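Numbering (this note's numbering), first residue to last: 16 to 187.
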Amino acid sequence: MSAAAAAPKAAAPAPEAAAAPAKSKKKLIVIGAIAVALLAGGGAGAFFLMKKPAEGGKAAAEAPKAKKTPAYIPFDPLVVNLRDDGSEKMMQVSFSFEAADSKAGDAVKAHTPAIRNRLILLLTSKTSQDIAGREGKEKLAAEILQEARQAMGATPEAPIVEAVHFSGLIVQ
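Okay, here's the thing in structure tokens:
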């Protein structure tokens, strides 16, 4: 009997051995599923992270165009007699030209004698009433800009200077 008793004991470990491979298959499947989930999550994360800098690069490339700082080119003050009847009035005007870039400063310097001549002719034709009030000063700024552009040979497509900004305007 001892042989018969030994046989069932030997048979008993056989069901445990069958259960062990089943548990290891479940562990293998769970580990595989976790690995696939991690890889999928990592791939999705990499996709979104790689995509954001590209969009940021486009926005960064557009930002300098929108925020480009203009160049301001100071012009020496002009003092002229005004064309007022019966009284001697003088005007001193100081201003700067606004340009898209600093290269325009070279053009202004190269044409300074012609610009000064045209501006003196313009300013001496004015009366104190012509430049009184905000509208008169804005009109004067537009005329100064037009005269400077003509002196530099600028075209509407390439204006060289874009605006005139007064830093001082005195009439006595």
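The C-beta atom is built at its ideal place from N, Cα and C for all residues, glycine as well.
Please read these numbers as outputs of a predicted model, since none were measured by experiment.
Cβ-Cβ separation, residue j to residue i (assumed contact under 8 Å), whole Å
i: His180; j: Glu103; result: About 28 Å; that fails the 8 Å criterion.
i: Leu184; j: Val108; result: 5 Å
i: Met167; j: Leu138; result: That belief does not hold up - the Cβ atoms of Met167 and Leu138 are roughly 18 Å apart, past 8 Å.
i: Ile88; j: Ala119; result: 6 Å
i: Ile130; j: Ala163; result: 5 Å
Simplified DSSP assignment, three categories, for residue i
i: Glu113; result: strand
i: Ser182; result: strand
i: Leu93; result: strand
i: Lys40; result: helix
Rounded straight-line distance, which links the Cα of residue j to that of residue i
i: Ser182; j: Pro171; result: 26 Å
i: His126; j: Gly148; result: 30 Å
i: Ala61; j: Lys83; result: 34 Å
i: Ile143; j: Gly151; result: The amino acid at residue 143 is misidentified as Ile; the sequence shows Ser. The straight-line gap from Cα to Cα measures roughly 10 Å.
i: Pro85; j: Ala48; result: 59 Å
i: Val176; j: Met65; result: 42 Å
i: Asp91; j: Asp100; result: 28 Å
i: Lys124; j: Asn132; result: 14 Å
i: Lys174; j: Gln187; result: This sequence places Pro at residue 174; Lys is not what is there. Cα-Cα distance, rounded: 33 Å.
i: Ala169; j: Ser140; result: 23 Å
i: Lys38; j: Phe63; result: 38 Å
Neighbour flag for residue i against chain B, beta carbons, 8 Å
i: Gly56; result: In the structure shown, chain B does not exist; there is a single protein chain.
Validate contact between the stretch 54-64 and the stretch 91-105 using beta carbons, cut 8 Å, 3 pairs: no
Every unbroken alpha helix (DSSP H) within the stretch 110-178, with a cutoff of 4 residues, ordered by chain: 118-125, 127-139, 148-167
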